Amino acid sequence: MADHLAAAELSGSAPRISFVSLGCPKALVDSERIVTRLRAEGYELSRQHEGADLVIVNTCGFLDSAKAESLAAIGDALKENGKVIVTGCMGAEPEQIRDVHPGVLAVTGPQQYESVLEAVHSAVPPKHDPFLDLVPPQGVKLTPRHYAYLKISEGCSNRCTFCIIPKLRGDLVSRPASDVLREAERLVAAGVKELLVISQDTSAYGVDLKYASSPWKSRDGETREVRARFLDLARELGSLGAWVRMHYVYPYPHVDEVIALMADGVILPYLDIPFQHASPTVLKRMKRPAAQEKTLARVKAWREACPDLTLRSTFIVGFPGETEAEFQELIDFLDEAELDRVGCFKYEPVAGAPANDLGLAVPDEVKQERWDRFMATQQKVSARRLRRKVGTRQQVIIDSVGPTVAIGRSKADAPEIDGVVHVASRRPLRVGEIATVKIERADAYDLHGTAVGF
Ligand code: SF4
């Protein structure tokens, strides 16, 4: 994902910054925080590198392909502008950047907001203007105004062997519940209709705080203590009147309690749960959290408790040492679990990941062949799950409107990663509006229907 941030509408001689945000939604939230601070200090945003006073590149260092993309983006910024500050995941290993691009002004690591700001101040000092310094209280959102990502923690205390995130971002640090709720409340008050809860491990929220309570004044004016616990936070977020969607949850037993909230309509019946594999021996080599859980039984119990539940997941094929029998366990799991949406990656030996030392690399052609089989299996399952929606009525949040058809998402579709609903309507729909849509047709990924209620 790459976003050139929208240019501010303000004019004048304030310093102008061009900002490139690469990587996952968590990196996007970091970008939003930096941009909010910059705007609060009176900096303007520029759509182009050319003519800006400075370029900031927020990098992604998760996979080698992401690193290459980040290095290319830095190269473009140097060519088109010349003054470049680099931040984000790749900033944890600055020599990787400086070896290729010695001309960058500064390199700071992930979540080092203060260091980025300091580097900006020394390259292009802020111009104080009390009018320019005003930013909306909800901050500057890079996502459309009707949905927003809500980051509840930083870092991760797991040690999955294919992953270098803990090395880049450190151990889990959760935000107090009151802090998260205040931000969520501000977002909803500013017009956000859908909150996308993100972190590296959402179900581990609050473990580092020992689930400590913090005081929060709810909308009914009552002050109460809210524990920094997944269930408690989900319940309070669900009381704010927006859709609440949970990303990056692991199948721990306490997730069952959150499914009950989904069944009651408190939060969306949607779980983004990166299983990564289904073979217990591979999961053990991956050192996955909750590797010992009986996942299939859990998925079935969740579906019984909440029949509308949408499950999205990601998997890795070709993990070191993956045998044909282990891969077949994964295919059998896909057939049985009937997941709605699935992403699949071929294992990539990310530099520094402990899994590379396991030896027994799976040859590239075997990885490709397994990936093809995986996708062919899942495509049938996903298409079947989608077809079940034909004839039903779904609530759809409108993301964009065209001359004849609007594009939206049902409760089963997260922005950018899932499918969409194409909506015909006899009256023009507005972006951010939630309409009731009769589903008439399904193709491989998307649904098509007509608005029947507004
Ligand atoms: S849970 Fe595992 S894959 Fe996810 S960030 Fe933590 S270590 Fe990486």
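Everything in the sequence shown is counted per the working numbering, starting at 1052 for the first residue and increasing by one. A virtual CB, placed ideally from N, CA and C, is assigned to each residue, including glycine. None of these values were measured; they are calculated from a predicted model.
State whether the segment 1089 to 1096 contacts the segment 1117 to 1137, with contact taken as three or more CB pairs (one from each stretch) at a distance under 8 Å.
Contact fails: fewer than three Cβ-Cβ distances are below 8 Å.
Using the beta-carbon count (16 or more within 10 Å), is Ser1364 buried or exposed?
Buried, because 16 or more other Cβ atoms sit within 10 Å of the Cβ of Ser1364.
Could you check the C-alpha separation between Phe1182 and Phe1281 for me, to the nearest Å?
Here Phe1182 scores only 45 on pLDDT, less than 50, and its place in the model is too uncertain to base an answer on.
Using three-state DSSP, classify His1386 as helix, strand or coil.
For the record, residue 1386 in the displayed sequence is Asp; it is not His. Helix, per DSSP.
Do you know offhand how far Ile1318's Cα is from Leu1312's?
Their backbone Cα atoms lie some 6 Å apart in a straight line.
Taking three-plus beta-carbon pairs below 8 Å as touching, is the segment 1385 to 1400 in contact with the segment 1357 to 1377?
With the cut-off at 8 Å, the segment 1385 to 1400 and the segment 1357 to 1377 touch.
Do you know offhand how far Ala1427's Cα is from Glu1399's?
If I take the Cα positions, the gap works out to 21 Å.
Output yes or no for whether 7 Å exceeds the beta carbon distance between Tyr1198 and Arg1084.
Against a cut-off of 7 Å, the Cβ pair of Arg1084 and Tyr1198 comes out as no contact.
Which parts of the segment 1305 to 1352 are runs of the alpha helix (DSSP H), unbroken and 4 residues or longer, counting only runs that do not cross its ends?
Counting only runs of 4 or more, we get 1306 to 1314 and 1331 to 1337.
When you compare only the Cα positions, how much space is there between Leu1219 and Cys1207?
So the alpha carbons of these two residues sit roughly 10 Å apart.
Within the segment 1242 to 1289, note down every full beta strand (DSSP E) run reaching 3 residues or more, in order along the chain.
Complete beta strand (DSSP E) runs here, min 3: 1245 to 1249, 1264 to 1268 and 1274 to 1278.
Quick one: what does DSSP say Gly1459 is sitting in, helix, strand or coil?
Three-state DSSP puts Gly1459 in a strand.
Under 6 Å: does the beta carbon of Ile1249 sit that close to some heavy atom of the ligand SF4?
Every heavy atom of the ligand SF4 is 6 Å or more from the Cβ of Ile1249, so no.
Report the option in Thr1455, Gly1272 and Arg1436 whose CA atom is closest to the CA atom of Ala1495.
Residue Arg1436 is the option with its Cα nearest to Ala1495.
In terms of residue numbering, what span does the alpha helix (DSSP H) encompassing Leu1232 cover?
Ala1228 to Ala1240 is the extent of the alpha helix (DSSP H) around Leu1232.
Which residues mark the beginning and the end of the alpha helix (DSSP H) in which Val1447 is found?
Note, Val1447: premise wrong, no alpha helix (DSSP H); beta strand (DSSP E) at Arg1444 to Val1452.
Taking Cβ to Cβ, would you say Tyr1301 is nearer than 7 Å to Ser1254?
Yes, Cβ-Cβ distance for Tyr1301 and Ser1254 is below 7 Å.
Beta strand (DSSP E) containing Leu1201: first to last residue?
Per DSSP, Leu1201 belongs to the beta strand (DSSP E) from Tyr1198 to Lys1202.
Within its chain, find whatever has a CB closer than 7 Å to the CB of Arg1438; leave out the 5 residues flanking it on each side and keep chain order.
Here the set comprises Ala1493.
How far does the alpha helix (DSSP H) with Gly1139 in it extend, from its first residue to its last?
It is not in any alpha helix (DSSP H) - Gly1139 instead sits in the beta strand (DSSP E) that spans Val1135 to Gly1139.
Which residue from Val1171, Leu1122, Glu1101 and Phe1370 puts its Cα closest to that of Asp1150?
It is Leu1122.
Give every residue of the same chain whose Cβ lies closer than 7 Å to the Cβ of Val1456, excluding the five residues on either side of it in the sequence, and list them in chain order.
His1473, Val1474 and Ala1475.
Could you have a look at Val1155 and say whether DSSP puts it in helix, strand or coil?
Note: Val1155 maps to coil in three-state DSSP.
For Pro1479, count neighbouring Cβ atoms within 10 angstroms of its own Cβ and tell me buried if that reaches 16, exposed if not.
So Pro1479 counts as exposed.
Please confirm whether any heavy atom of the ligand SF4 lies closer than 6 Å to the CB of Pro1161.
Result no, Cβ not under 6 Å from the ligand SF4.
Helix or strand or just coil, what does DSSP make of Gly1102?
Gly1102 falls in the coil class under three-state DSSP.
Quick one: grab the DSSP three-state call for Ser1116.
Note: Ser1116 maps to helix in three-state DSSP.
Could you have a look at Arg1084 and say whether DSSP puts it in helix, strand or coil?
Of the three classes helix, strand and coil, the one that applies to Arg1084 here is helix, per DSSP.
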